[in-house]
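Colleague:
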Amino acid sequence: MTNRTQPKLATTKEAGLIEMQQVVKTFSNAAGEFTALRGIDLTLNRGEFVAIIGKSGSGKSTLLNMLTGIDHPTTGKVIVEGVDVYAMSESKRSLWRGRNLGIVFQFFQLLPMLNLLENVMLPMDYVGMYDVDERPKRAMELLRMVGLEEHAQKLPRAVSTGQQQSAAIARALSTDAPIIVADEPTGNLDSRSANHIIDLFAELSERGKTIVMVTHDASMTKRTSRTVVISDGELVNETIAQSLPLLSQPLMKALSNKVEKLSFHPGETIIHSKEPVENFFMIAKGNVDVVLHKRRKDEVVIAQLSVNDFFGEMELLRGGKSVANVRAAEDTPVELLALSRDDFNWLLKESPLTEKAIGHIVQKRLGEQKQADRRKRRRLFG
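Using my numbering, the first residue of the sequence shown is number 1334, and each one after it goes up by one.
Put into structure tokens, the structure is as follows:
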């Protein structure tokens, strides 16, 4: 086994695994300058399965190239658990990438003259990992994991596109890298093959690998633990993207500039019963209790809301005052995004799909509230 001096990831779990700090990327050509990334701040944690979505030209692939050390930012830093990726020389960064990142390309990038087993062994050879006699055994284990053991001796052109992508994932795992980065990994696959790839990524995430997947297909985010939306080189607020997924990306971006960030201590009241509600709230951090009756000894918690849930929409749509107290849960602080009544009305006008979805939620919550009222009356009057 060959030992080479190179940066290595730490094992601390508390800190973010990947941190991008004010990353800007500007390209220059004969037509002038084009800024693909505009001050990106992003932290990704160990074990997350993250989807980065955006339209063509939004900057998602450029963002991925910054994470992998393939391309240099114009300004800003990319730090992977203590390692400043762009403070290294090209040769050291290449070795660091081989040890710490497994990269899955959209078009597989398998070497056509090597069979699948040899393709999977290639990264181990490059970074000098594992004894020479151990590498074929490990490569075969990885091919077995992705269901390709019987095809190990075949050339890439002799298997299907889905099998080629599975082989590319096995290759990305060959150095036991803590981070797997995939650029449109399902873009050229049928739905069955695409679902198989997502199943593999989900399983790897459960095992502690950090998966960062770029995709233009928003449906792929149903299986991920987190979604990062990029639009015109800027990140959309994640709470908005998760709370209101039916919004178009331009509307998400516009909404990011309209919301106000608010913080509340554990147990602090956010909305008082019998008072007007002038804001639509989205929960960015913590939990929220919706409570009937102002005296705590007689209170009935009719709903418990968590991150990416929202409230206030019922009063804004139906008029009138709040029928319940809304407070931060007793155990943690709460961070909210607040949208004014006027901006909320603007939003519904701009997005009929969101208006319809919120209307359905209002009807559901009204039904829950009626049930809570009935329980309260039974308790008070027998």
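In this text, a Cβ means the ideal position worked out from N, Cα and C, and glycines have one as well. Just so you know, these numbers come straight off a predicted model, no measurement behind them.
Between the C-alpha atoms of ASP1458 and ALA1472, what's the straight-line distance to the nearest angstrom?
Modeller: Stepping through the sequence shown from its first residue, residue 1458 is reached at position 125. Stepping through the sequence shown from its first residue, residue 1472 is reached at position 139. In a straight line, the C-alpha of ASP1458 is about 11 Å away from that of ALA1472.
Colleague: At which residue ranges does the stretch 1620 to 1657 contain complete beta strand (DSSP E) runs of 3 or more residues, listed in the order of the chain?
Modeller: DSSP runs (the beta strand (DSSP E)) wholly in the stretch 1620 to 1657: 1621 to 1625 and 1633 to 1638.
Colleague: Identify, in the order they occur along the chain, each residue of the same chain with its Cβ nearer than 7 Å to the Cβ of PHE1438, setting aside the five sequence neighbours on each side.
Modeller: By one-based count along the sequence shown, residue 1438 stands at place 105. Closer than 7 Å at Cβ, skipping near neighbours: ALA1501 and ASP1516.
Colleague: For ILE1385, which of GLU1414, LEU1537, LEU1481 and ILE1544 has the nearest alpha-carbon?
Modeller: The sequence position of residue 1385 within the sequence shown is 52, counting from 1. The shortest Cα separation from ILE1385 among GLU1414, LEU1537, LEU1481 and ILE1544 belongs to ILE1544.
Colleague: Buried or exposed for LEU1579, going by 16 or more other Cβ atoms inside 10 Å?
Modeller: The sequence position of residue 1579 within the sequence shown is 246, counting from 1. Counting Cβ neighbours within 10 Å, LEU1579 comes out exposed, since fewer than 16 surround it.
Colleague: Which term fits SER1552, buried or exposed, when burial requires 16 or more other beta carbons within 10 angstroms of its beta carbon?
Modeller: The count along the sequence shown starts at 1 and reaches residue 1552 at position 219. That one is exposed.
Colleague: Quick one: is ALA1343 buried, meaning 16 or more other Cβ sit within 10 Å of its Cβ, or exposed?
Modeller: One-based indexing of the sequence shown puts residue 1343 at position 10. For ALA1343, the predicted structure reports a pLDDT of 34, less than 50, and the residue's modelled location is therefore unreliable. A value from the coordinates is still provided. When all chains shown are included, ALA1343 counts as exposed.
Colleague: Just verifying my parser: in three-state terms, what is the DSSP assignment at ALA1384?
Modeller: As a first step, residue 1384 must be located in the sequence shown, where it is residue number 51. The answer is strand: DSSP assigns ALA1384 an E or B state.
Colleague: Does chain B have any CB closer than 8 Å to the CB of TRP1429?
Modeller: Judged by its chain identifiers, the structure shown contains no chain B, having just a single protein chain.
Colleague: Could you check which residue in VAL1492, SER1526 and GLY1435 has the C-alpha nearest to that of LEU1447?
Modeller: Sequence index remark: in the sequence shown, residue 1447 carries index 114 (1-based). Checked all of VAL1492, SER1526 and GLY1435; the closest Cα to LEU1447 is VAL1492.
Colleague: Less than 7 Å between C-beta atoms, sequence neighbours within five positions excluded: which residues of the same chain meet that for GLY1431?
Modeller: By one-based count along the sequence shown, residue 1431 stands at place 98. Correct list, in chain order: PRO1456, TYR1459, VAL1460 and THR1508.
Colleague: If the criterion is Cβ atoms closer than 8 Å, does the pair GLU1668 and GLY1619 meet it?
Modeller: Taking the sequence shown and counting its residues from 1, the one referred to as residue 1668 is at position 335. Taking the sequence shown and counting its residues from 1, the one referred to as residue 1619 is at position 286. Against a cut-off of 8 Å, the Cβ pair of GLY1619 and GLU1668 comes out as a contact.
Colleague: When the Cα atoms are used, what is the spatial distance from ASP1417 to GLN1354?
Modeller: For the purposes of this step, residue 1417 is taken as residue 84 along the sequence shown, with counting starting at 1. For the purposes of this step, residue 1354 is taken as residue 21 along the sequence shown, with counting starting at 1. Spanning the two alpha carbons is a distance of roughly 11 Å.
Colleague: Using C-beta distances below 6 Å, list every residue in its chain close to PHE1677, excluding the 5 sequence neighbours before and after it, in chain order.
Modeller: The count along the sequence shown starts at 1 and reaches residue 1677 at position 344. Here the set comprises PHE1613 and LEU1649.
Colleague: Looking at ALA1662 and ASP1622, is the spacing between their C-beta atoms short of 8 Å?
Modeller: What you label residue 1622 is simply residue 289 of the sequence shown in a count that begins at 1. What you label residue 1662 is simply residue 329 of the sequence shown in a count that begins at 1. Going by C-beta atoms, ASP1622 is nearer than 8 Å to ALA1662.
Colleague: Can you tell me the Cα-Cα spacing of LEU1350 and VAL1383, whole angstroms?
Modeller: On the sequence shown, residue 1350 is found 17 positions in, with the first residue counted as 1. On the sequence shown, residue 1383 is found 50 positions in, with the first residue counted as 1. LEU1350 and VAL1383: Cα-Cα distance of roughly 13 Å.
Colleague: So, are the CB atoms of SER1606 and ASN1658 less than 8 Å apart?
Modeller: Counted from its first residue, the sequence shown places residue 1606 at position 273. Counted from its first residue, the sequence shown places residue 1658 at position 325. Yes, Cβ-Cβ distance for SER1606 and ASN1658 is below 8 Å.
Colleague: Determine the DSSP secondary structure at MET1615, reduced to helix, strand or coil.
Modeller: In the sequence shown, residue 1615 corresponds to position 282, counting from 1. DSSP places MET1615 in strand when its eight states are reduced to three.
Colleague: For VAL1465, is the classification buried or exposed, using 16 other Cβ atoms within 10 angstroms of its Cβ as the cut-off for buried?
Modeller: Within the sequence shown, numbered from 1, the residue matching residue 1465 stands at position 132. When all chains shown are included, VAL1465 counts as exposed.
Colleague: How many Å lie between ILE1436 and LYS1586 at the Cα?
Modeller: Counting from one through the sequence shown, the residue named residue 1436 turns up at place 103. Counting from one through the sequence shown, the residue named residue 1586 turns up at place 253. Going by the C-alpha atoms only, they are around 29 Å apart.
Colleague: Go to VAL1460, then tell me how far its beta strand (DSSP E) extends in each direction, as first and last residue.
Modeller: Translated into positions along the sequence shown, residue 1460 becomes position 127. Here VAL1460 belongs to no beta strand (DSSP E); instead the alpha helix (DSSP H) covers 1449 to 1460.
Colleague: Would you please state the rounded distance, in angstroms, between the beta carbons of GLU1632 and VAL1624? I believe it to be under 8 Å.
Modeller: Counted from its first residue, the sequence shown places residue 1632 at position 299. Counted from its first residue, the sequence shown places residue 1624 at position 291. GLU1632 to VAL1624, Cβ: 5 Å. Contact.
Colleague: Under the three-state reduction of DSSP, which class applies to ASP1532: helix, strand or coil?
Modeller: Numbered from 1 along the sequence shown, position 199 holds the residue referred to as residue 1532. The answer is helix: DSSP assigns ASP1532 an H, G or I state.
Colleague: Return the chain-ordered list of same chain residues with a C-beta closer than 8 Å to the C-beta of ASP1565, the five sequence neighbours on each side being excluded.
Modeller: Looking up residue 1565 in the sequence shown gives position 232. Cβ within range, chain order: ARG1371, SER1391, GLY1392 and LYS1586.
Colleague: Nearest-angstrom Cα distance between THR1665 and ARG1468?
Modeller: Mapped onto the sequence shown, residue 1665 falls at position 332. Mapped onto the sequence shown, residue 1468 falls at position 135. So the alpha carbons of these two residues sit roughly 49 Å apart.
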